Amino acid sequence: MAELDRERILIKADRLDGYLRELADIAPRTFAEYQGVEKKRACERLLQLSVEVVIDICSVLVTNLRLGLPAEEEDLIHKLTEGRVLSPEMGARIREMKGFRNVLVHEYAQIDDRLVYQALTERVKDFVAFKQEVLAYLKR
370 MAELDRERIL IKADRLDGYL RELADIAPRT FAEYQGVEKK RACERLLQLS VEVVIDICSV
430 LVTNLRLGLP AEEEDLIHKL TEGRVLSPEM GARIREMKGF RNVLVHEYAQ IDDRLVYQAL
490 TERVKDFVAF KQEVLAYLKR
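So for the sequence shown, the numbering used here puts the first residue at 370; every next one is plus one.
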């Protein structure tokens, strides 16, 4: 992979770290604390941005590795797992992230606050694991 491409991935990974730091700074300790409108919207937006960075990194990897032209985001994940850039387990996690992001973006009025809170408390580690897999791949 070209150095410039590696640099783009690292810049995006750094952006992901920034979003996760911001999320850690504002993350509520309890579901009741999460219920404030400002807290909810800030957490939702940071989760959305984090997922979008993950998808951006996937897109850069597929393009740089010439794994083919993806017809949609789902193809990115498939191409990266088939190409052994990401583990099948990580591919499944990214599919879940993408679905969650779609709910945040497209079904805003029907968002289940408990699911978002669960993502905040239990799924943020998936972003860290994704970054670790990508960085491990870049070191190969």
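Glycine residues also receive a C-beta, built at the ideal position from the N, C-alpha and C atoms. Predicted, not measured: the structure shown is a model, and the values here were computed from it.
Item: Reference residue 527, options 482, 405 and 422, closest by Cα; Value: Nothing in the structure corresponds to residue 527, since the chain is present only between 370 and 509.
Item: Boundaries (first-last residue) of the alpha helix (DSSP H) holding residue 397; Value: Careful: residue 397 lies outside any alpha helix (DSSP H) and carries neither H nor E.
Item: Residue 418 versus 429, 430 and 384, residue with shortest Cα-Cα distance; Value: 384
Item: Exposure label - residue 485; buried when at least 16 CB within 10 Å; Value: buried
Item: Of the residues 435, 376, 507 and 412, the one placed nearest residue 395, counting alpha carbons only; Value: 412
Item: Coarse secondary structure for residue 417, derived from DSSP in three states; Value: helix
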